[in-house]
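These notes concern the structure reproduced below.
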Ligand SMILES: Nc1ncnc2c1ncn2[C@@H]1O[C@H](COP(=O)(O)OP(=O)(O)OP(=O)(O)O)[C@@H](O)[C@H]1O
Ligand SMILES: [Mg+2]
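In this note's numbering, the protein residues as written are 1 to 369.
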């Protein structure tokens, strides 16, 4: 709403934002196969249905009912997912009923029903294709630290890794990304994004926000996450009652551990970027209100765990021994830094407007074919 009236422009933007981003890896080829000029054209073919929220459109005078078409409870077609993963178009007419038409993000991905569960299958970007393995490493670190998270596993297809995770949204809930939460109030010029986010979340009544942010910032420091933009975390609410259930478990932590950097760049470290609050991880760490809930002893041997996961025989074309060693060492070093900071007892949460992130948008990756 804008000044008490329906804001049609905002509704249109929201609808357009529901489509597959033009920056998605492999989307150009998929559009050629499907003979469409804009991914927006796919939206109405699935009534805008998604597996991350409950919104949809129903043609006027139609008898369609949510119960019969939502993807949480009803099956969906593999056709669009196949095309997004590079398959040639089948001769038969395609079945466009798929949550892939409304999926966000720049990495190649598709939804699959595996053993009756809705799962998101997501690739990595060239040259190292690290993201799927990074998701597994991040899951393990969060498991050890008791951080609510989406568990990821890895699967290999035609020699390439893909991460697999279950849908964390259900037929009763919806994911509301942080980007939407910060739009519920106007951000004053003199207020930091961190403080603005906390204020918006407090006004909405989302429980556990500070604790969540402490843990997310700590995780992102440990794994040197470079892409925690405002669509890569959010809150969950009941879609019927609109009751806020809390922050969503942490998802999409793959663009981390120097995923796109050569060994000299990894060692140098100066090009590591940070989001969503501060441009540098060291600055973002100052926003942590307390390290008390981080059990550092649970992180013993993280370097060995990283080495083991990257040394998967399937990964040998992408990950060299030296690269693995440097990533493991640098991660161990960050954990040590963090522990020193936590032990020093001099740490005090410092919220300023210095070093704020400018454009909080997703990294785009070259085409992964
Ligand atoms: N397990 C899940 N359950 C429900 N929705 C999910 C799940 N994982 C991801 N999503 C939704 O799908 C979107 C895209 O997924 P994800 O962020 O993992 O992809 P990505 O390509 O890595 O994104 P980016 O552009 O940030 O790199 C998320 O922003 C979120 O809205
Ligand atoms: Mg994402």
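Beta carbons: idealized from backbone N, C-alpha and C, even for Gly. Every value quoted in this text rests on a predicted model; they were computed, and no experiment measured them.
Item                                                                                                                                                                : Value
Mind checking residue 369: buried by the 16 CB within 10 Å criterion, or exposed?                                                                                   : Interpretation of residue 369 is limited by its pLDDT of 44, a score under 50 that renders its predicted location unreliable; no figure is taken from the coordinates.
Leaving out five residues before and five after residue 220 in sequence, what residues of the same chain have Cβ atoms less than 6 angstroms from its Cβ?           : 228
Closest to residue 142 by CA distance: which of 253, 93 and 198 is it?                                                                                              : 253
Please list, in chain order, all residues with a C-beta atom less than 5 angstroms from at least one heavy atom of ligand 3.                                        : Summarising the ligand content, the structure contains ligand 1 and ligand 2 and does not contain ligand 3.
Considering Cα atoms alone, identify which of 356, 25 and 44 is closest to residue 83.                                                                              : 25
Looking only at its own chain, which residues have a Cβ that is under 7 angstroms from the Cβ of residue 198, when we skip the five neighbours before and after it? : 209 and 210
For the putative contact between residue 166 and residue 108, defined by C-beta atoms under 8 angstroms, what is the C-beta separation to the nearest angstrom?     : Contact doesn't hold; Cβ gap of about 19 angstroms is too wide.
When the Cα atoms are used, what is the spatial distance from residue 39 to residue 98?                                                                             : 13 angstroms
For residue 64, count neighbouring Cβ atoms within 10 angstroms of its own Cβ and tell me buried if that reaches 16, exposed if not.                                : exposed
DSSP three-state call for residue 246: helix, strand or coil?                                                                                                       : strand
Report back the beta-carbon spacing between residue 330 and residue 285 to the nearest angstrom; my notes put them in contact at under 8 angstroms.                 : Actually they are not in contact, since the Cβ atoms of residue 330 and residue 285 sit about 16 angstroms apart, beyond 8 angstroms.
So is residue 5 buried or exposed if we call it buried at 16+ other beta carbons inside 10 Å?                                                                       : exposed
Kindly indicate which residue of 69, 218, 257 and 62 has the alpha-carbon position closest to the one of residue 51.                                                : 69
One question on the structure: do residue 43 and residue 102 come within less than 8 angstroms of each other, judged by their Cβ atoms?                             : yes
Is residue 274 helix, strand or coil by DSSP?                                                                                                                       : coil
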